[in-house]
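Protein chains: 2
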Amino acid sequence: MRDLKQSRAVQTRKKILREAAQLFARKGFHDTKVDELIKAAEVTSGAFFHHFKGKDDLAIAVIDHHMEQRGRTLDRIEKGLPEPDGSDPLELAFRRLDAACEMVVRRRNRKGGCLIGNLATALSDTRPEFRKRLGECFDEMAAEFEINLAEAAADRDLDVDSREIARYIVSVIEGAIMLSRTQRDLGLVQQQIQRLKEDIRRSFQAEVPR
Amino acid sequence: MRDLKQSRAVQTRKKILREAAQLFARKGFHDTKVDELIKAAEVTSGAFFHHFKGKDDLAIAVIDHHMEQRGRTLDRIEKGLPEPDGSDPLELAFRRLDAACEMVVRRRNRKGGCLIGNLATALSDTRPEFRKRLGECFDEMAAEFEINLAEAAADRDLDVDSREIARYIVSVIEGAIMLSRTQRDLGLVQQQIQRLKEDIRRSFQAEVPR
DNA sequence: TAAAACATACCAACCATTCGGTTTTATTTT
DNA sequence: AAAATAAAACCGAATGGTTGGTATGTTTTA
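Sequence lines, in order, name chains A and B.
Per our numbering, residue 541 is the first one in the first sequence, and the count goes up by one each step.
Per our numbering, residue 541 is the first one in the second sequence, and the count goes up by one each step.
In structure tokens:
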């Protein structure tokens, strides 16, 4: 059980992180102004700069916080999803994928895209520190699928690059989010993830034994 | 044949558009400052504001110009690619996809991501006019594949949603570009597009007749 | 010779950050 | 437990550099 009452400082910090994540997800890094952030978080600039060295420092903290939160949320959603019938690790990977899809859909109701995707798009080619960290985030996302995919491949005695497929999954998710924002169509994400699952299933049925 | 000599005004305008496209692709909309643009394009702010009402107006013009250019470049690259063996429209779609891949790879050598993807990420949830236009751009990209996919489906008497698949292709491209920027790995785009082709090929071999 | 194209100086709003001071919280002393 | 002290948290006005855009005048082109 978590502490029921948190110190004021922790609350302030968390509120800033939460609002910043929202704003970064909706407006991106460069269009999010410190001033509007402190208004949204209902703190003063003094409080903000007490907790963070600056906007860059904040962004890094937001990323860290987001990745932790994300993992927990994903676990929670996944637990609410029906157990897969058999013991096929592929179905476990798909379950995780469904959970990710569900999370995306829930988030999108508040508008905005993927926080990591937004930051990656805005900063990858100008800020090496961010590029590196965001690459790790994508790796972390992919890693969630990789193990199960590797197992599934081993079970079938298939010679597939499970890391590559895991990355592919992340690409599809990010791409689908990007498109869904312009089309204002949340179904698109679900639709495309469905297709992705079918494609992967087929590729694991194909005869490509070693 | 194009005019060998263009009026100074047209040249200026084009130079601004070209540099703006580069900057938007690398740094995104909000991090591209008018000041650095006019320096990159070697024009004065007077010239810039004579040709464009402002930054927003410029962005729209850049999008239009980019989409025209893109179509032409794609056609040119495609012509340089080997003709597909049979008369399968699916192979035509794949050829177009290879051309798109080649274009992405060439561009990425100069750093930066997809101009449309960047703008979509930065503006979709805050600027409805841009969201609409960028959605059309994605539709246009998808449309290039849709016809061939529909034909291929008809040939095989398959009941598939070719528009959905076409959009899926765009998602994968955009997602792959996003990831490749953080990983600094151009091979990733090619790799993932290869996988996409295999997946589509399999899905067109699958028995899903109507 | 009129209009289009371009140059230059200028500006007001914006924006991330700083800084001196105040309040709250935690720790130690009495 | 109360008082004293230290440290962390917070406040908000001020700052200085940036930024998109304008106004006015000059050159080029049709």
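Just so it is clear, CB atoms sit at the ideal spot from N, CA and C, and this is done for glycine as well.
Note that the structure is a prediction, hence the values are computed from the model and not measured.
**Whole alpha helix (DSSP H) elements within the segment 654-736 of chain B, 4-residue minimum** = The alpha helix (DSSP H) runs lying completely inside the segment 654-736 of chain B and spanning 4 residues or more are 655-663, 668-696, 702-723, given in chain order.
**Request:** May I ask you to list, following chain order, the residues of the segment 632-660 of chain B that have a beta carbon less than 8 angstroms from some beta carbon of chain A?
**Result:** Listed in sequence order: K651, G652, G653, G657, N658, A660.
**Prompt:** Taking all protein chains shown into account, do 16 or more other C-beta atoms lie within 10 angstroms of the C-beta of R807 (chain B), making it buried, or fewer, making it exposed?
**Reply:** Look at the range of chain B in this structure, 541 to 750, and you will see that residue 807 (chain B) is not part of it.
**D604 (chain A) to D638 (chain B) span [Cα, whole Å]** = The straight-line gap from Cα to Cα measures roughly 37 angstroms.
**Asked** Does F564 (chain A) get closer than 9 angstroms to chain B when you measure Cβ to Cβ?
**Response** Put simply, the CB of F564 (chain A) is far from chain B, with every gap to its CB atoms at 9 angstroms or more.
**Asked** Is K567 (chain A) close to chain B, meaning its C-beta is less than 9 angstroms from at least one C-beta of that chain?
**Response** Residue contact check for K567 (chain A) against chain B: a CB pair falls below 9 angstroms.
**Request:** Return the first residue and the last residue of the alpha helix (DSSP H) that V574 (chain A) is part of.
**Result:** Taken as a continuous stretch (DSSP letters only), the alpha helix (DSSP H) holding V574 (chain A) covers 574-580.
**Start and end residues, alpha helix (DSSP H) containing R648 (chain B)** = Note, R648 (chain B): alpha helix (DSSP H), 629-648.
**Asked** In terms of alpha-carbon separation, which member of B:D665, B:C654, B:S664 lies closest to S664 (chain A)?
**Response** When only C-alpha atoms are compared, the closest one is B:C654.
**Request:** Can you grab the Cα-Cα spacing for the pair R558 (chain A) / D739 (chain B), in whole Å?
**Result:** If I take the Cα positions, the gap works out to 39 angstroms.
**Request:** Given a cut-off of 9 angstroms, decide if I713 (chain B) and I733 (chain B) are closer than it, judged by their beta-carbon atoms.
**Result:** For I733 (chain B) and I713 (chain B), yes; Cβs fall inside 9 angstroms.
**Prompt:** So, using beta-carbon positions, are A599 (chain B) and A560 (chain B) closer together than 9 angstroms?
**Reply:** Yes, the pair counts as a contact, with Cβ atoms nearer than the cut-off.
**Request:** Count the other C-beta atoms from every protein chain shown that fall within 10 angstroms of the C-beta of A549 (chain B), then say buried if there are 16 or more, exposed otherwise.
**Result:** With fewer than 16 Cβ atoms within 10 Å of its Cβ, A549 (chain B) is classed as exposed.
**Prompt:** For D625 (chain B), which residues of its own chain have a beta-carbon under 8 angstroms away from its beta-carbon, when the five flanking residues on both sides are left out?
**Reply:** Closer than 8 angstroms at Cβ, skipping near neighbours: E631.
**Request:** State the Cα-Cα distance for the pair G675 (chain A) and A660 (chain B), rounded to the nearest angstrom.
**Result:** Taking the straight line joining both Cα atoms gives about 21 angstroms.
**Message:** Below 8 angstroms on C-beta distance, what does G594 (chain B) contact in chain A?
**Reply:** None at all; the shortest Cβ gap to chain A is about 16 angstroms.
**Message:** When you compare the CB positions of M718 (chain B) and M718 (chain A), do they come within less than 9 angstroms of one another, or not?
**Reply:** Yes, the Cβ-Cβ distance between M718 (chain B) and M718 (chain A) is below 9 angstroms.
**Asked** According to the neighbour-count rule (16 or more other Cβ atoms, all chains shown, within 10 Å of its Cβ), is K737 (chain A) buried or exposed?
**Response** Classification for K737 (chain A): buried.
**Prompt:** Alpha carbon to alpha carbon, what distance is there between R650 (chain A) and L577 (chain A)?
**Reply:** Straight-line spacing of the CA atoms in L577 (chain A) and R650 (chain A) works out to 16 angstroms.
**Asked** Does E669 (chain A) have its Cβ less than 9 angstroms from a Cβ in chain B?
**Response** No, no contact with chain B.
**Request:** Report yes if the C-beta distance between T666 (chain A) and R566 (chain B) is below 9 angstroms; otherwise report no.
**Result:** Their beta carbons are under 9 angstroms apart, which means T666 (chain A) touches R566 (chain B) by this criterion.
**Request:** Go ahead and label T552 (chain A) buried or exposed: buried means 16 or more other beta carbons lie within 10 angstroms of its beta carbon, across all protein chains shown.
**Result:** By the neighbour-count rule (16 or more Cβ atoms within 10 Å), T552 (chain A) is buried.
**Message:** Buried or exposed, going by whether 16 or more other CB atoms sit within 10 Å of the CB of S547 (chain A)?
**Reply:** Here S547 (chain A) is exposed, its C-beta having fewer than 16 other C-beta atoms within 10 Å.
**DSSP-derived helix/strand/coil call for F569 (chain B)** = Coil at F569 (chain B), not helix or strand.
**Prompt:** Within this structure, are the beta carbons of S743 (chain A) and R703 (chain B) separated by less than 9 angstroms?
**Reply:** Cβ atoms of S743 (chain A) and R703 (chain B): not closer than 9 angstroms.
**Prompt:** Is I617 (chain B) closer than 9 angstroms to A581 (chain B) when the C-beta atoms are compared?
**Reply:** No, they are not a contact pair.
**Request:** Grab me the residues of R635 (chain B)'s own chain with a C-beta within less than 7 angstroms of its C-beta, minus the 5 sequence neighbours each way, in chain order.
**Result:** Excluding sequence neighbours, R635 (chain B) sits near E618, L621, P624.
**Request:** Indicate the three-state DSSP secondary structure (helix, strand or coil) for Q546 (chain B) in the structure shown.
**Result:** In this structure, Q546 (chain B) counts as coil in the three-state DSSP scheme.
**Request:** Would you grab the beta carbon distance between H570 (chain B) and G568 (chain A) for me? Rounded to a whole angstrom, and I think it's under 8 angstroms.
**Result:** Sure, about 7 angstroms apart at Cβ, within 8 angstroms.
**Request:** Work out the CA separation of A716 (chain B) and Y708 (chain A) for me, nearest whole Å.
**Result:** The C-alpha of A716 (chain B) is placed about 8 angstroms away from the C-alpha of Y708 (chain A).
**Asked** Got a sec: which bits of the segment 687-705 of chain A sit with their beta carbon under 7 angstroms from any beta carbon on chain B, in order along the chain?
**Response** Within the segment 687-705 of chain A, the residues whose Cβ lies closer than 7 angstroms to any Cβ of chain B are, in chain order, E704.
**Asked** Which residue's Cα is closest to the Cα of V602 (chain A): A:R735, A:I656, A:V644?
**Response** Check the Cα spacing between V602 (chain A) and each of A:R735, A:I656, A:V644: the tightest is with A:I656.
**Prompt:** Residues in the segment 702-728 of chain B with C-beta within 8 angstroms of chain A's C-beta atoms, listed in sequence order?
**Reply:** Shown in chain order are the members of the segment 702-728 of chain B whose Cβ falls below 8 angstroms from a Cβ of chain A: E704, I705, R707, Y708, V710, S711, V712, I713, E714, G715, A716, M718, L719, R721, T722, Q723, R724, L728.
**First through last residue of the alpha helix (DSSP H) which encompasses V602 (chain A)** = Unbroken alpha helix (DSSP H) run through V602 (chain A): 595-620.
**Prompt:** From the beta carbon of H606 (chain A), is the nearest beta carbon of chain B less than 9 angstroms away?
**Reply:** No, no contact with chain B.
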